[in-house]
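If you're matching them up, the sequences are chains D and Z in order.
When you line the first sequence up against our numbering, it's residues 405 to 635, in that order.
When you line the second sequence up against our numbering, it's residues 76 to 319, in that order.
For glycine and all other residues, C-beta sits at the position ideal for the given N, C-alpha and C.
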Amino acid sequence: MWDTIVSSTPQIVQAGLEFTIPLSIISFALGFIISIFTAMIRISNPKGNIVFKLLWRFLKLIADFYVWLFRSTPELVQLFIVFFGLPNIGIQFPAFTAGIVVFSLNTGAYCSESIRSAIQSIPEGQWEAASSIGMKYWQVMSLIIFPQAIRVALPPLSNSFISLVKDTSLASSITITEMFMVSQQIAAKNYEPLLMYSIVAVYYAVICTLLTWLQHYLEKRTSRYLINRGA
Amino acid sequence: MIKLEHINKQFKGKYALKDINLSINKNETTVILGPSGAGKSTLLRTLNLLEQPQSGLYQIDDQSVDFSKYISQNQILTIRRMTAMVFQSWNLFPHLKILQNITEGPIHVLKQSKSKAQENARHLLKLVGLPDVEGMYPNQLSGGQQQRISICRALAMDPKYTLFDEPTSALDPEIEAQVLRILLKLAAQKRSMIVVTHNMEFAKKVADQIVFVENGQIEFTGSREEFFDEPSGRIHDFLTAMEL
C-alpha cells in the first residue's frame, strides 16, 4: 500500500499543479470579476434618460437570466454543453478553456448572489454619509461600501472557492487530466480503486484545509475594525 | 444664500413637503423646529439633494435646480460639496480609522494632498477636543465622540453650508452638551449652519432664524425673539407642550 501511495504521489501532485489548482484559481478569479459586474448590474438603479434606463433594464434581465440559468442546471451538464455540444454550431474550445468557461460562469452566478446580499447588508446610512460629501457612485462603492461588503461576503465566497476546487474533478469528464482523472487512470492499472480514490480524496482535503485556513486569516484581517470599546 | 420656492415632495401620494418657500442667509444659524414626522429632516435632506422633491426651485449661491426637470449628476455633486451633512446616527465609516474618516472626502472629492488633508483633520480634531483618537476605529469611541468626529468629517469638506440632522437626539444629556458646545463654537465663528433639533435651549441661544415645520408645511419663519417671545397659536401650543 505504501508503495502505491509513494509511486502515485508525483503524478497526482503534478496533475494538481498543472490542472486542478490553475483551473480553480483562474476560474475563481474570472468568476469573481463576473460576479461583481453581475451584482452591480442587478442592484443599481442609475438615473438617466429613458433610453439609458431601458438599456439598463435589458442588462438587468440578461444578468437575472444568467444567474438563474447557471444556478438551475447541473455543472456537469454545463460542461457537456460547452465541450461536446457547442462544436455542433461551430464553437469549439480546447478542454481546459471549456473548463475555465464553465467554472468561471458557474462561480460568477453563485458569487454574484453572495456579493449582492453583502452589498445590500451595508446600512443605507453609509451610502448617504459618503454621498452627502459629494463622492461619486464609484467612489462610494469602492472606498466605502465594497470594503465593508467584502467582509460580509468572505465566508460564502470562500465556500464557493472550496466547492470549486472539489468541482474541478468534474473536468475529468471532458478529458482534462486533473487529479481525479489521474487517480482513475492509476486505479485502472493497479486495480486498487479504494486506495487510489482515498489517496486523491486526501489531496483534495489538504487543499481545502489550506484554503479554510486562508479564509480564517482573511476574515481576521478584514474584521480588524470590529474592535469593541475598551478592547 | 439658499432659496427654496414652491418645493413639493410626496411619498406614496402623501405630502412630506408642501409648497415650501424659504430663504436662508449665509453666515447665520438657521434652526428648523417642529414635531416628529413634520418634514424637518426631509427639508434638510433636500438641501443636500439626498431627497429630491417632485417640483420646485432650489437655489444655493450660484447653483440653481428645477426639481421638475432632469438634474445632472455633476450638479448634484457640486451642490453636495457645498452642503456637508452631519447625521443623527453619525454614520462614520467603520472600516476606516478616525483620521481616514475625516480625510477620505477631502482627498478623493476635493483632490487635496494627503498631507494637507491630514493637517486639516488634526486641526479639526483639536477643535472638537479629540486630538488623540486619530488612530482609532469608530467602534472604539463613545456616541458623543463619534458625533464630534462626524462634525469634523463634514467641516473637513469646507462646506458653504453645514447641515445638522438632529445631531444630539441619539445622545444622553451629558454627552449632548459636549456636542452642543461645539455647535455653539461654530455658530460664534459665523459659519452657515442649518440645524434640525428638538433642543429648545440650543435654538434660543444660537438661532438667527427659526423655521417651524408641521405637516410638511412651514408654519413660521422669523427671528428667535419673534418665535420665543411672542408665540401665538400653534407655536404657543408647541412651546407649551415642550415645557415640563
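{"query": "Distance between D:S448 and D:Y621 (C-alpha atoms, nearest Å)", "result": "31 Å"}
{"query": "Members of the region 517–530 of chain D near chain Z, C-beta cut-off 7 Å", "result": "G529 and Q530"}
{"query": "First and last residue of the uninterrupted alpha helix (DSSP H) at Z:N96", "result": "Note, Z:N96: premise wrong, no alpha helix (DSSP H); beta strand (DSSP E) at K89 to I99."}
{"query": "Rounded straight-line distance, which links the Cα of Z:L119 to that of Z:L125", "result": "9 Å"}
{"query": "Run of the alpha helix (DSSP H) containing D:Y629, from where it starts to where it stops", "result": "Premise fails: D:Y629 is in no alpha helix (DSSP H) and is neither H nor E."}
{"query": "Boundaries (first-last residue) of the alpha helix (DSSP H) holding D:S562", "result": "F550 to D571"}
{"query": "Under 7 Å (Cβ pairs) to chain D, residues found in the region 159–178 of chain Z", "result": "A159, M160, F162, S164, N166, F168, P169 and H170"}
{"query": "Residue-chain proximity (D:K464, chain Z), Cβ-Cβ < 8 Å", "result": "no"}
{"query": "Cβ-based neighbour list, Z:F168, same chain, cut-off 8 Å, excluding 5 preceding and 5 following", "result": "Q175, N176, E179 and P213"}
{"query": "Touch test, the region 252–266 of chain Z against the region 286–305 of chain Z, Cβ-Cβ under 8 Å, three pairs minimum", "result": "no"}
{"query": "CA-to-CA distance, D:I425 to D:G512, given in whole angstroms", "result": "18 Å"}
{"query": "Rounded C-alpha distance that separates D:F487 from D:S508", "result": "14 Å"}
{"query": "Under 8 Å by beta carbon: chain Z residues contacting D:S535", "result": "L125 and R155"}
{"query": "CB contact check: Z:G219 to chain D, cutoff 8 Å", "result": "no"}
{"query": "Residue-level contact to chain Z via CB, D:P551, 8 Å cutoff", "result": "yes"}
{"query": "Cβ neighbours of D:A635 in the same chain (closer than 7 Å, five flanking residues each side left out)", "result": "Low confidence applies here, because D:A635 scores a pLDDT of 41, under 50, leaving its location unreliable; read the following figure in that light. Excluding residues within five positions, none has a Cβ falling inside 7 Å."}
{"query": "Exposure of Z:N102, with buried meaning 16 or more beta-carbon neighbours within 10 Å", "result": "exposed"}
{"query": "Per DSSP, cross-strand counterpart(s) of Z:G69", "result": "Residue 69 of chain Z cannot be examined here, being either before or after the span of chain Z that is shown, 76 to 319."}
{"query": "Option in Z:G219, Z:D233 and Z:A262 with minimal Cα separation from Z:A245", "result": "Z:G219"}
{"query": "CB contact below 8 Å: Z:Y212 versus chain D", "result": "yes"}
{"query": "Integer-rounded CB distance, given that Z:L205 should sit under 8 Å from Z:R228", "result": "Rounded, the Cβ-Cβ distance is 12 Å, inconsistent with contact."}
{"query": "Short CB-CB distance (under 8 Å) between D:Q347 and chain Z", "result": "Past the edges of chain D, shown from 405 to 635, lies residue 347 of chain D, and the structure says nothing about it."}
{"query": "Partner residues on chain Z for D:K540, Cβ-Cβ distance less than 7 Å", "result": "L152"}
{"query": "Simplified DSSP assignment, three categories, for D:F469", "result": "helix"}
{"query": "Test item: CB-CB of Z:S139 and Z:H81 under 8 Å", "result": "no"}
{"query": "Pairwise C-alpha distance: Z:F277 and Z:A262", "result": "11 Å"}
{"query": "Boundaries (first-last residue) of the beta strand (DSSP E) holding D:S448", "result": "Here D:S448 belongs to no beta strand (DSSP E), and DSSP marks it neither H nor E."}
{"query": "Extent of the continuous beta strand (DSSP E) to which Z:G308 belongs", "result": "Note, Z:G308: premise wrong, no beta strand (DSSP E); alpha helix (DSSP H) at G308 to M317."}
{"query": "Length of the line joining the Cα atoms of D:L599 and D:L615", "result": "25 Å"}
{"query": "Inside the region 160–222 of chain Z only - beta strand (DSSP E) runs reaching at least 3 residues", "result": "none"}
{"query": "Stretch pair the region 182–189 of chain Z + the region 537–545 of chain D: three plus CB contacts closer than 8 Å", "result": "yes"}
{"query": "Cβ of Z:V203 within 8 Å of any chain D Cβ", "result": "no"}
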